[in-house]
Amino acid sequence: MNRVDFKNIIHAEELKAKNAPTKHKIFVCCGAGCISSGADNVMKKLQEEIKNRGLEDIEVVPTGCMGPCNQGPLVKFKPGNTVYQKIDCVNIGEVVKSQIVDKKPLEDLLLFSEHREKPFVNAEEDPYFKKQLKIALKDCGDVHPEKIEDYLLHDGYKALDKALFEMSPEDVISEIKQSRLRGRGGAGYPTGLKWETVYRHVNDQKYIICNGDEGDPGAFMDRSVLEGNPHRILEGMTIAGYAVGANKGYAYIRGEYPLAIKRFEAAIKAAKKLGVLGKNILGTNFSFDVEVRIGAGAFVCGEETALIASIEGRRGTPSPRPPYPAESGLWGKPTLINNVETMASIAPIILKGGEWYSEIGTAKSAGTKVFALAGKINYAGLIEVPMGTTLREIVFDIGGGIQGDGQFKAAQTGGPSGGCIPAEHLDVKMDYEELMKLGSIMGSGGLIVMDENSDMVDVARFFMEFCVDESCGKCVPCRVGTKMMHDLLQKVCENKATQLDIERLEELAVYVKECSLCGLGGSAPNPLLSTLRHFRHEYDTRVQPVRKSENLVHQ
Amino acid sequence: MMALVTIYIDGKKIIAGSEKTILEVARENNIEILTMCHLKGLTDVGACRLCMVELEGSPKLFSACTTKVADNMIVTTNSERIRRYQRITTELFFAERNHICAVCVSNGACELQDLGYKVGLDAIRYPHLFPQCEVDTSHPLYVMDQNRCISCSRCIRACAEVEGAYNWDMMNRGYQIRVISDFNTLWGESTTCTSCGKCVQACPTGALWAKSIVQGQQDKHPEFITDLMERRKMNL
Amino acid sequence: MIVRNSLQDADLPQDDPRVKQLNVKMKKEGYKPDALIEILHNAQNSYGYLPINVLRYIAKVLRLPPSRVFGTVSFYHFFSMKSKGEHTCLVCTGTACYVKGAQKLLDKVEEKFGLKQGQVTQDGKIGLQAARCIGACGLAPAVILDDEVQAKVSPEDLISKLTSKLETHEQG
């Protein structure tokens, strides 16, 4: 297929959509959250309902995650963007009747009806959505993840077309550099610079890896994009391949996400069939192929060098850098590794320009960030906000505040590598630098909200237990140090620790942070250090007086 | 022709080849850097973190065994911070498994014991983990005692890289890693082991030892691995 | 526990459909050693877990050192070398679920069935596992019961669901 054919296909699809007799479209959220709440059955029942009522011109579309997962299953009616929550096989009939037949929205079931004085008929007017800006997640609730035509209608593969025919690889890289996009996997390294480094290393064989090994407990944004809009990732990877000169890519997806694997594999097939992936893409000399690699349950594989070892079929243990993967990565070849959310941001940047993206967000962190809200918050789920949005806005304006009558105590960001932000810093502008200043990190975007009942020492112990379990065991500080810290934290939790134990904890924390081989060990002490910094009194109140014998041994 | 660079280690000005690591250059110039997982001739893995050094201009620490020298690099190997961390690492080694020198075959000829003396260890400030460990005596010539293993992986690398047999690997992860033979099966029943004894020579402690040698005489010669690899390079 | 290394031939019955499937997969991957993890996924799908003789077979066909195969399998938590039980109960212990009481679920199952995580009941009917975040944080605490996600589970719910699994089992 060449470029003209491609344009014709898009044109035909657009015409078809324009002239379609369909007046209404009903979108059923089939994200992981809604499926677990019974979206599959709702979908079946809805189709029956429509058939029985003779409303066959209505199209029912299963989509990816719409956001507020714990209000699910969610159903959206277009035009009008009316979203209903907590739909089941019983009330779906009523909803269809009043929304389509009587043309009167059913207020009791509208999204957030229990929390709003007057729920919004057009959900996009609700502050939950109004405060958000969706770029990476943009089409997640609107496209059928298994239909490439649907993606084409949402500007799909237009960025690839633009990159291939109107831009040189250097242009693509400078566009990404101009956007000031930073790696969304956690560390926040400038994406454009990374691309340029791989581009500069001359080699016949280079690789692209999309890191979808989302191991951070409490984060599920990668899963939502992979399941809800897999073509966006494929398009991002292909553009990356064109820019750095790679013709092979691997998408590393967690084994715990079977639906994401299935949809991504289907997307690869569809894209190859259409000619936007595989040999001579859109009739050009550029070829790019993508394979899925299934992760097998190891958090450390989020670390670049460990991820490479895992794709090579070995134990996922990290290696010292340098050499960086950009120089010597998969099978010793220059390799570009980007996280799923980063890849999802590529196509919009190419299409709308780096300048557009760089104007969103803060001075040092451009663009938007997806957060996974969870914990003691009313509207748990996925949100995407411009960098620099305050924590208060996220928790209260978007997240609907604390469950029940609870008080906000702290928010944990960055999972086991991050730290907690106490109530006095609710007005922190969420970006890489500001979070770092508070002793936390952006991480992949997990945001767990805790109320006054949460025990911060136990939170630190919980994350340390995670790191002990997930440490690969290669280097001494991480292998033994995390275990020692965990045992000492356990002692504090059981009210058996002394002031000496706290001192030892602090010394070990700094040692493990500075001496570990990779980022897992290097950041494992963060939850401990940050709770010590912001909630020191919770440690101090549990400390027991030092016994004489102990003083003798541990000078 | 190898490019030459000037570096400063602990204030001493040194001209060195740019392909070398900080550790190599330091050793060639009689500057001591403590190591455990390093054995010249085997691939460096940077696992024990004893050889951490400071580089001027960076707040981070670097493992000397895997960091190449660069022009005008200013290296510090003996600051108070480095010495403190070396001590912690050593303490963690001792606290991790069951190291009882008095009953060890390698008593008096053990790299871990030497390390303890070098960092001036007088007490372990951390609780010992005292894990349950296996002792595999099934091999006709050698014994593998997990109690004394420090997971440096020198045996694994010696077997895979020098002998090419690949009898050993690591199983599990975290503090539960263990060196295994074949399918975590008895060493004596290995289908890959050639009984060459290189792993025993490479082992820094009493974890791997030869049955033929009596208690206290277990003097190992890891440098024999180094010499062997040097001779291979010379294509004799 | 160190087990005896069987020196028997590492062959599997070639008419077993699971072996056929495994052969097809290995061929498709070109017998490349780097496809080891993909092949292990395939084997675990058809066997439910990774029996040691299957590992021997894979090592032999791919010409990989046995210790490397075993080391890799034991590294990844997704792989299991023990049968997981006829019914599997996977309790998510990710942060969100932990905050919402996942530990209580584990405690209740232990109290009722005497199972700790990673164990299978003596009759092999129920296996209890804990996972680090299944990515359903909005539904915390979540449990996967025989591949079906159960949202916002209370300890009592979980026990009654497990009991009914056992009952249908007895009838069947």
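Protein chains in written order, with the numbering used here: chain W, 1 to 555; chain G, 556 to 791; chain U, 792 to 963. For glycine and all other residues, C-beta sits at the position ideal for the given N, C-alpha and C.
For residue i: DSSP bridge partner residues
{"i": "residue 955 (chain U)", "result": "Partner(s): none; residue 955 (chain U) has no beta bridge."}
{"i": "residue 764 (chain G)", "result": "G:698"}
{"i": "residue 564 (chain G)", "result": "G:567, G:630"}
{"i": "residue 420 (chain W)", "result": "W:412"}
{"i": "residue 77 (chain W)", "result": "W:26, W:82"}
{"i": "residue 573 (chain W)", "result": "No answer is possible for residue 573 (chain W): the residues shown for chain W start at 1 and end at 555."}
{"i": "residue 447 (chain W)", "result": "W:373, W:413"}
{"i": "residue 182 (chain W)", "result": "W:190"}
First and last residue of the uninterrupted beta strand (DSSP E) at residue i
{"i": "residue 410 (chain W)", "result": "408-413"}
{"i": "residue 641 (chain G)", "result": "From DSSP, residue 641 (chain G) is part of no beta strand (DSSP E) but of the alpha helix (DSSP H) over 635-651."}
{"i": "residue 880 (chain U)", "result": "878-883"}
{"i": "residue 291 (chain W)", "result": "289-294"}
{"i": "residue 405 (chain W)", "result": "Counting along the chain, residue 405 (chain W) falls outside any beta strand (DSSP E), and DSSP gives it neither H nor E."}
{"i": "residue 935 (chain U)", "result": "934-936"}
{"i": "residue 331 (chain W)", "result": "Taken as a continuous stretch (DSSP letters only), residue 331 (chain W) belongs to no beta strand (DSSP E), as it is neither H nor E."}
{"i": "residue 557 (chain W)", "result": "Chain W is shown from 1 up to 555; residue 557 (chain W) falls before or after that span and cannot be answered."}
{"i": "residue 618 (chain G)", "result": "616-618"}
{"i": "residue 929 (chain U)", "result": "Taken as a continuous stretch (DSSP letters only), residue 929 (chain U) belongs to no beta strand (DSSP E), as it is neither H nor E."}
{"i": "residue 458 (chain W)", "result": "Note, residue 458 (chain W): premise wrong, no beta strand (DSSP E); alpha helix (DSSP H) at 456-470."}
{"i": "residue 139 (chain W)", "result": "Neither: residue 139 (chain W) is in no beta strand (DSSP E) and is coded neither H nor E."}
{"i": "residue 253 (chain W)", "result": "248-253"}
Span of the alpha helix (DSSP H), counted from its first residue to its last, around residue i
{"i": "residue 733 (chain G)", "result": "Here residue 733 (chain G) belongs to no alpha helix (DSSP H); instead the beta strand (DSSP E) covers 733-736."}
{"i": "residue 782 (chain G)", "result": "778-789"}
{"i": "residue 39 (chain W)", "result": "39-52"}
{"i": "residue 87 (chain W)", "result": "Note, residue 87 (chain W): premise wrong, no alpha helix (DSSP H); not H, not E."}
{"i": "residue 843 (chain U)", "result": "843-853"}
{"i": "residue 214 (chain W)", "result": "Looking at the DSSP string, residue 214 (chain W) is not in any alpha helix (DSSP H), and its letter there is neither H nor E."}
{"i": "residue 195 (chain W)", "result": "191-200"}
{"i": "residue 235 (chain W)", "result": "230-244"}
{"i": "residue 941 (chain U)", "result": "Counting along the chain, residue 941 (chain U) falls outside any alpha helix (DSSP H), though it belongs to the beta strand (DSSP E) covering 939-941."}
{"i": "residue 33 (chain W)", "result": "32-36"}
{"i": "residue 898 (chain U)", "result": "893-904"}
{"i": "residue 114 (chain W)", "result": "Counting along the chain, residue 114 (chain W) falls outside any alpha helix (DSSP H), and DSSP gives it neither H nor E."}
Supposed close pair residue i, residue j - CB separation, criterion 8 Å
{"i": "residue 905 (chain U)", "j": "residue 911 (chain U)", "result": "Incorrect: roughly 11 Å between the Cβ atoms, too far for contact."}
{"i": "residue 594 (chain G)", "j": "residue 709 (chain G)", "result": "5 Å"}
{"i": "residue 284 (chain W)", "j": "residue 164 (chain W)", "result": "5 Å"}
{"i": "residue 36 (chain W)", "j": "residue 927 (chain U)", "result": "5 Å"}
{"i": "residue 827 (chain U)", "j": "residue 863 (chain U)", "result": "6 Å"}
I want to know whether the stretch 894-907 of chain U touches the stretch 335-344 of chain W - three or more CB-CB distances under 8 Å. no
Hey, is the stretch 255-266 of chain W in contact with the stretch 352-367 of chain W, meaning 3+ C-beta pairs nearer than 8 Å? no
For the stretch 858-885 of chain U, which residues have a beta carbon sitting closer than 7 Å to at least one beta carbon of chain G? 858, 859, 861, 862, 865, 866
Between the stretch 435-460 of chain W and chain U, which residues of the former have a C-beta closer than 8 Å to a C-beta of the latter? 446, 448, 450, 454
When the Cβ atoms of the stretch 672-682 of chain G are set against those of the stretch 634-648 of chain G, are three or more pairs found closer than 8 Å? yes
Taking three-plus beta-carbon pairs below 8 Å as touching, is the stretch 680-696 of chain G in contact with the stretch 732-747 of chain G? yes
With 7 Å as the limit, tell me which residues of the stretch 716-741 of chain G have their beta carbon closer than that to any beta carbon of chain U; keep them in chain order. 721, 722, 723, 724, 725, 726, 727, 728, 735, 736, 737, 738, 739, 740, 741
Could you check whether the stretch 111-119 of chain W touches the stretch 61-79 of chain W, counting it as contact only if at least three pairs of C-beta atoms, one from each stretch, sit closer than 8 Å? yes
Along the stretch 506-521 of chain W, what residues have a CB closer than 8 Å to any CB found in chain G? 507, 508, 511, 514, 515, 516, 517
Determine contact between the stretch 492-510 of chain W and the stretch 604-624 of chain G, defined as no fewer than three beta-carbon pairs at a distance below 8 Å. no
What residues in the stretch 246-261 of chain W have a beta carbon less than 7 Å from any beta carbon of chain U? 255, 256, 257
Given 8 Å, three or more beta-carbon pairs between the stretch 388-408 of chain W and the stretch 151-166 of chain W: no
Quick one, which residues of the stretch 211-223 of chain W are near chain U if we go by CB-CB under 9 Å, in chain order? 214, 215, 216, 217, 218, 219, 220, 222, 223
Output needed in chain order: residues of the stretch 833-846 of chain U with a Cβ under 8 Å from some Cβ in chain G. 843, 846
Along the stretch 47-78 of chain W, where does the CB come closer than 8 Å to a CB of chain U? Name the residues. 68, 69, 70, 72
Does the stretch 462-474 of chain W come into contact with the stretch 511-529 of chain W, if we say contact requires no fewer than three beta-carbon pairs (one atom in each stretch) closer than 8 Å? yes
Quick one: any contact between the stretch 426-434 of chain W and the stretch 862-875 of chain U, if contact means 3 or more CB pairs under 8 Å? no
Count Cβ pairs between the stretch 40-57 of chain W and the stretch 148-163 of chain W that sit closer than 8 Å; are there 3 or more? no
For the stretch 481-505 of chain W, enumerate the residues whose C-beta is nearer than 7 Å to any C-beta of chain G, in chain order. 481, 483, 484, 487, 504
Validate contact between the stretch 322-330 of chain W and the stretch 195-213 of chain W using beta carbons, cut 8 Å, 3 pairs: yes
Members of the stretch 468-479 of chain W that neighbour chain G once the beta carbon cut-off is set at 8 Å: 468, 469, 470, 471, 472, 473, 474, 475, 476, 477, 479
Please list, in chain order, the residues of the stretch 891-915 of chain U that have any C-beta partner in chain W closer than 9 Å. 891
Can you find at least 3 beta carbon pairs, one from the stretch 54-66 of chain W and one from the stretch 137-154 of chain W, that sit closer than 8 Å? yes
Contact between the stretch 369-388 of chain W and the stretch 442-451 of chain W: three or more CB pairs below 8 Å? yes
Contact set between the stretch 741-772 of chain G and chain U, restricted to residues whose Cβ is under 9 Å from the partner: 741, 742, 743, 744, 745, 746, 747
Taking contact to mean at least 3 C-beta pairs separated by less than 8 Å, is the stretch 272-290 of chain W in contact with the stretch 299-307 of chain W? no
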